[in-house]
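Counting in UniProt numbering, the sequence shown runs from 1 upward without gaps.
Beta carbons are placed, not taken as given, at the ideal position from N, Cα and C, and that holds for glycine.
Down below is the structure, laid out as structure tokens.
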Amino acid sequence: MLYLFTASNDSAIKNLEATIEKTYPISTCLADLDADTVTKLKDNELHENVCMWGATPGSSNVDRWEKLKEGDGILAYSKGEFKFFGTIFAKTHNPDVARKI
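Now the structure itself:
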């Protein structure tokens, strides 16, 4: 499946720049992640920096997030163009990590 997300407002654009355009230092959050996610990151040498995106709770966001599966494609749209394409490597629901980011 291919999913599209937009980064249109100032906050979303700032997050896009901080967590996708530049990698995010996920190593600062490892203590807050579940063991399976940490193992997966380490096994794939992604425990230092990753590209990632989060969503705020909302009925359509929650529904979409629940449907996302590892291996699905993602298109990021911002400022009138498609900026990034990626593949879902892993996902986790973690409010503590979301607050840190």
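Pick helix, strand or coil for Leu4, following the three-state DSSP scheme. It is a strand residue.
So, helix, strand or coil for Thr56, using DSSP? Looking at Thr56 - three-state DSSP - the assignment turns out to be coil, as it is neither helix nor strand.
Look up Thr87 in the DSSP assignment and say whether it is helix, strand or coil. Note: Thr87 maps to strand in three-state DSSP.
Assuming the contact rule is C-beta atoms closer than 8 Å, Leu30 and Leu75 should be a hit. Round their C-beta distance to whole Å, please. About 28 Å separates the beta carbon of Leu30 from that of Leu75, a gap too long to meet the 8 Å contact definition.
What does the alpha-carbon distance come out to for the pair His93 and Glu81? Pairing His93 with Glu81, the inter-Cα distance amounts to about 28 Å.
Touch test, the region 13-20 against the region 42-62, Cβ-Cβ under 8 Å, three pairs minimum: Output reads yes: the region 42-62 touches the region 13-20.
If you draw a straight line from the C-alpha of Pro25 to the C-alpha of Leu46, how long is it? If you draw a straight line from the Cα of Pro25 to the Cα of Leu46, it comes to about 10 Å.
Are there 16 or more other CB atoms within 10 angstroms of the CB of Val62, so buried, or fewer, so exposed? So Val62 counts as exposed.
Residues in the same chain with beta-carbon distance under 8 Å from Ala12, minus the five sequence neighbours each way, listed in chain order, please. Excluding its 5 nearest sequence neighbours in each direction, Ala12 has C-beta neighbours in its own chain below 8 Å: Thr6, Ser78, listed in chain order.
Terminal residues of the continuous alpha helix (DSSP H) containing Ser11? In the DSSP assignment, Ser11 falls within the unbroken alpha helix (DSSP H) covering 10-16.
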